[in-house]
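Chains as they are written, first to last, in my numbering: chain A, 2 to 342; chain C, 2 to 342.
There are 2 protein chains.
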Amino acid sequence: MNLRQLAEHLQLSQTTVSRALNGYPEVSEDTRQRVIRAARELNYSPNSRAKGLATGRSMAIGHVIPVSDRHQMVNPVFGDFIAGAGEVYAASGYDMVMSLVGEAGEEDLYRSIRARGNVDGMVVHGPRLDDCRIALLNDLGMPFVVHGRATRIEAPYAWVDSNSERAFERATNHLLDLGHRRIALVNGHEDMDFAWRRRLGYETALAARGLAPDPATMCAGEMTELYGHEVARRLLEGPEPPTAFLVSSLIAAIGVRRAAQDLGLAPGRDVSIVTHDDDLGYMKNGADVPIFTATRSSVRDAGRHAAQMLLSMIAAPQAPRPTRLMEAEFILGASTGPAPI
Amino acid sequence: MNLRQLAEHLQLSQTTVSRALNGYPEVSEDTRQRVIRAARELNYSPNSRAKGLATGRSMAIGHVIPVSDRHQMVNPVFGDFIAGAGEVYAASGYDMVMSLVGEAGEEDLYRSIRARGNVDGMVVHGPRLDDCRIALLNDLGMPFVVHGRATRIEAPYAWVDSNSERAFERATNHLLDLGHRRIALVNGHEDMDFAWRRRLGYETALAARGLAPDPATMCAGEMTELYGHEVARRLLEGPEPPTAFLVSSLIAAIGVRRAAQDLGLAPGRDVSIVTHDDDLGYMKNGADVPIFTATRSSVRDAGRHAAQMLLSMIAAPQAPRPTRLMEAEFILGASTGPAPI
DNA sequence: GGCGAACGTCAAAGCGCTTTGGGAGGAGGG
DNA sequence: CCCTCCTCCCAAAGCGCTTTGACGTTCGCC
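Rendered as structure tokens:
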């Protein structure tokens, strides 16, 4: 069923039918109702390619996901982010199109997406400190929102981020207040902007008390359970074991906890753990009493905000680029306690 | 840059340029090279909407993700599946379009996707025992592949699934061999086909030894860490605690382990745990020695297979519907041991 | 009763591509 | 030398929609 057939069926012109369905005022209310009813009955939906060709818009948002051996972008955090964004898209009639791309082809992919014109805007995931994608997309004139920020870029761009620096500063202070002095940092890859900011917060808090960070207790890697376990195990069995861990993701924190338990250390008593918690749907940090003391910021909310911002930018391209900094909550859980003497 | 401009630039007709770029034999090799070079230099990519309109194909595959309060489909398993599928799509020039939908609008969404024609095929996620989507999509004449199966549907359809029944039967046998007699089943929602099959495997193994399943030790719910913890805690503190757990996902197994440890029980000695392991990228079951004894089947591979099958179905619509049953590996880890006396 | 505005509708152009049905020009065969 | 057959290219139609510009009708008002 296409527009022509529907128009013939209704004994109307295609123009009138199109206007009726798209809410234009030039058609009488009677006709509009008649058209809408027929469209529903005959199960007519306009062909989106044809519509897109005619309007110049495609009603779709692109997410490109960098994949590499080193870094796994299709991770649980990503899943929750797009769940949030997808809600908003669905409510506004937008589709979400995703492309995976290796590191090599990335720039080409963005250009080609632009040229092929199959999305009206994009979300940039996993920005690095000095991320060339921002300049590229600005160049291409494609509306985009970055999930996170890119510290070394001063060109204006829209972003949604949680205040990683502040969160980790508070978390570090909390551990310092409890008397901990050797605090390990188990961070994500530090070329990722968010990880770099977390480390900054950690170092800022230490410096404020006149403490220098010890490179031996800081490490960065892919945030998996295994990585958390491996690192914590190594540090705890080392010469000067830390009394506390500051961890960048709940999943890695679970690995840290496992390492502690391997060695007979009880979390919250023998060793303290603070983690960042993205508040994922299937990986909650406990029910009434949180398992881990944590800095919490919902990545699903971030997805919702990013999507909303992007849609508003598409609607009003001239408006200034919106930005949104989300503060993380600090949640006291069972995994922290005074430093052992 | 569009085809007309490129053709003008080259002093050729649009036809010739189009043919040159699409590999038709009617154009001389010289011209073809000249066109391809110019296209690259001028950064031309054909507009995909226009191309789609002209060819009737959209070079995109749809994934619709049911969301409900009860069941979170955008979960880690889903993420890995689309990572696998995405690889294949990317290699074949297909886009992946995802739509979230509440349970209510599901049928309408499928119809509308069909009518709008913006995908060439679909992947069906999370089939239930008696899943109406299969009949619907067969009706609509849209190529599709199901990730999983729908037990009560006899109409032919293409699917990729891992042999859940067999895997859980083997796992149960392993526990029985170790002397366990009270084996708890911590399953996913049993209206989901895969969960139902796992339970079937579990019951089959018990029955083969003349044991009846005890409803008190079987439960089903959303596979989260919290759920695993809550259920295990309740069972272990109950009147007749199980000596072993058979768990449907690694993440829930981690919750079960936490519950055991809460009560001072060591996994592998005081209580045994076998889990299904989807072999997710960021949630590996240990490095050299697996943490959990597990039935393992890579959901990323399943995604790859599903995508490949779908693309081949689109290429050859008349061929019979392919199916693929993947056998799970049985991995011996540190979480199982003889039943305590 | 006649005029202009407002209303409801339409035919046709155009979005950027593919594809059909030729057509010019040169090579080869009779 | 003419005719046929390739080879290489082209003009134009069409995919399904929106949108422009224009065309009857009807109505209110002088």
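All C-beta atoms in this analysis are idealised placements derived from N, C-alpha and C, irrespective of residue type, glycine included.
- Separation of Glu191(A) and Cys133(A) (C-alpha to C-alpha, rounded to the nearest whole angstrom) is 17 Å.
- Burial state of Ser14(C) is exposed, judged by a 10 Å Cβ sphere holding fewer than 16 other Cβ atoms.
- Judged by DSSP in its simplified three-state form, His126(A) adopts coil rather than helix or strand.
- DSSP, reduced to helix, strand and coil, places Gly103(A) within a strand of the structure shown.
- Ranked by Cα distance from Ala316(C), the first of Tyr45(C), His306(C), Arg58(C) and Arg5(C) is Arg58(C).
- Chain order gives no chain C residues near Ser273(A), where near means a beta carbon separation below 7 Å; the closest approach is about 17 Å.
- Legend: CB atoms of the segment 248–276 of chain C lying less than 8 Å from CB atoms of chain A belong to residues Ile252, Ile255, Arg259 and Gln262.
- The Cβ neighbour count for Ser69(C), taken over all protein chains shown within 10 Å, is under 16; the residue is labelled exposed.
- Distance from the CA atom of Ser100(C) to the CA atom of Ser163(C), rounded to whole angstroms, is 25 Å.
- Around Thr244(A), the same chain offers His181, Arg183, Val272, Ser273, Ala340 and Pro341 as residues with beta carbons nearer than 7 Å, after the five sequence neighbours per side are excluded.
- The beta carbon of Thr324(A) sits closer than 7 Å to the beta carbons of Ala159 and Trp160 from its chain, once the five residues preceding and following it are set aside; these are given in chain order.
- DSSP, reduced to helix, strand and coil, places Phe293(A) outside both helices and strands of the structure shown, so it counts as coil.
- Close to Ser46(C), with beta-carbon spacing below 7 Å, are these residues of chain A in chain order: Ser113, Ala116 and Arg117.
- Residue contact with chain C for Arg50(A): present (Cβ-Cβ distance below 8 Å to some residue of chain C).
- Each residue's CA atom was taken as its position, placing Thr337(C) and Ala261(C) some 13 Å apart.
- Against chain C, a Cβ distance below 7 Å from Glu88(A) picks out Leu101.
- Using a C-beta cut-off of 8 Å, the segment 219–226 of chain A makes no contact with the segment 284–299 of chain A, since fewer than three inter-stretch Cβ pairs fall below that distance.
- Counting the other Cβ atoms within 10 Å of the Cβ of Glu170(C) gives 16 or more, which makes it buried.
- With the rule of 3 Cβ pairs closer than 8 Å, the segment 78–93 of chain A counts as touching the segment 303–319 of chain A.
- Neighbours of Val98(A) in chain C, taken as residues at a C-beta separation under 8 Å, are given in chain order as Ala61, Asp96, Met97, Val98 and Met99.
- Those residues of the segment 211–226 of chain A placed with their C-beta closer than 8 Å to a C-beta in chain C are Glu223, Met224, Thr225 and Glu226, ordered along the chain.
- In the displayed model, Ser19(C) falls within a helix according to three-state DSSP.
- For Glu330(A), the three-state secondary structure derived from DSSP is strand.
- Within chain C, the residues whose beta carbon sits less than 8 Å from that of Tyr283(A) are Gln73, Asn76, Pro77, Glu223, Met224, Thr225, Glu226 and Ile252, listed in sequence order.
- By the Cβ test, the segment 228–239 of chain C is in contact with the segment 185–204 of chain C, since at least three Cβ pairs between them sit closer than 8 Å.
- Looking at the DSSP output, Met219(A) shares a beta bridge with Leu186(A).
- Going by C-alpha positions, Arg115(C) is about 45 Å away from Arg153(A).
- The continuous beta strand (DSSP E) containing Thr276(C) extends over residues Ser273 to Asp278.
- With the rule of 3 Cβ pairs closer than 8 Å, the segment 75–83 of chain C does not count as touching the segment 22–35 of chain C.
- Counting only runs of 4+ residues, the alpha helix (DSSP H) found wholly inside the segment 151–185 of chain A occupies 165–178, in chain order.
- In this model, Ile135(C) and Gly85(A) are separated by some 27 Å (Cα to Cα).
- The beta-carbon of Gly142(A) is placed no less than 8 Å from the nearest beta-carbon of chain C.
- DSSP lists Val161(A) as the beta-bridge partner residues of Arg325(A).
- Short of 7 Å from the beta carbon of Gly269(A), and not among the five residues preceding or following it, lie these beta carbons of its own chain, in chain order: Ala335, Ser336, Thr337 and Gly338.
- The three-state reading of DSSP puts Gly80(C) in helix, counting H, G and I together.
- Secondary structure at Gly304(C): helix, using DSSP grouped into helix, strand and coil.
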